[in-house]
Amino acid sequence: GSAVFVWEEWWRDDSESSIYATRFNNDGSRIYSFPVNTYGTDWGYQWDPTVAALTGGGFVVTWTSMHQDGDGNSRDGGEFRVNTTVADSQFQSRVAGLTDGGFVVTWTQEYQNIVYGQRFAADGAPAGPEFVVGYGGSSAVEALPDGGFLITRATTGSAIYGQRYAWDGLPIGDEFLVA
1332 GSAVFVWEEW WRDDSESSIY ATRFNNDGSR IYSFPVNTYG TDWGYQWDPT VAALTGGGFV
1392 VTWTSMHQDG DGNSRDGGEF RVNTTVADSQ FQSRVAGLTD GGFVVTWTQE YQNIVYGQRF
1452 AADGAPAGPE FVVGYGGSSA VEALPDGGFL ITRATTGSAI YGQRYAWDGL PIGDEFLVA
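Read in my numbering, the sequence shown has 1411 at position 80, and its numbers run on one by one without any break.
The structure is reproduced here in structure tokens:
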């Protein structure tokens, strides 16, 4: 019954921008506010946050962080990198909570326009390897009631494709044209 809102805020702390969150009760009253990211410098910044509810009442937040992974461009216990591939910049992360308490994150590798995904277990550990979704400039991910998930991606040619995945992260059927 509660809700979490996330945003980026400029020059609130020692970094150029940081990610913050506020959690509200179902009646709209504020429970607490807090900084999400722990990494920050006066020449780097964090942006484009997204949040997903997890089973059991928790939530996960993803964002893009400039210079943190060693090349251009989450928190139950600590902030961690979701991408394994660090070539070029990674941006536009999206996240969905899964029925088993885990979550799946997608993002785009900037210069090659490749959309990647990574599943995580309920404890935040990677559940399988990072995987390529396909070429595209942006993505969205949605959990499905059967434990699987659906990823859509927009291509540079203005087409939108979708791919359904099983609970174990394996694709189900072929990718399909959405629009």
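Glycine is no exception: its CB is placed at the ideal position from the N, C-alpha and C atoms.
A quick note: this is a predicted structure, and the numbers were derived from the prediction, not measured.
Asked	Found
Coarse secondary structure for residue 1338, derived from DSSP in three states	strand
For residue 1428: DSSP bridge partner residues	1434
Residues near residue 1485 in its chain [Cβ-Cβ closer than 6 Å; skip 5 each side]	1467, 1468, 1469 and 1491
Neighbourhood of residue 1363 by C-beta, 8 Å cutoff - its chain only, sequence neighbours within 5 removed	1353 and 1354
Coarse secondary structure for residue 1453, derived from DSSP in three states	coil
Strand pairing of residue 1448, partner residues [DSSP]	1437 and 1462
Other residues of its chain near residue 1463: CB distance less than 7 Å, five sequence neighbours each side excluded	1445 and 1447
Residues near residue 1475 in its chain [Cβ-Cβ closer than 7 Å; skip 5 each side]	1481
Residue 1420 versus residue 1437 - alpha carbon distance	14 Å
Counterpart residues of residue 1510 in DSSP-defined beta bridges	Beta-bridge pairing links residue 1510 to no other residue.
Candidates 1386, 1387 and 1414: closest to residue 1393 by CA position	1414
Element boundaries [beta strand (DSSP E), containing residue 1498]	Note, residue 1498: premise wrong, no beta strand (DSSP E); not H, not E.
Distance between beta carbons of residue 1450 and residue 1478, contact taken as under 8 Å	Residue 1478 to residue 1450, Cβ: 11 Å. No contact.
N- and C-terminal bounds of the beta strand (DSSP E) containing residue 1472	1469-1474
Alpha-carbon spacing of residue 1367 relative to residue 1426, whole angstroms	15 Å
Residue 1385, DSSP secondary structure in three states	coil
Residue environment, residue 1428, which counts as buried when at least 16 other CB atoms sit within 10 Å	buried
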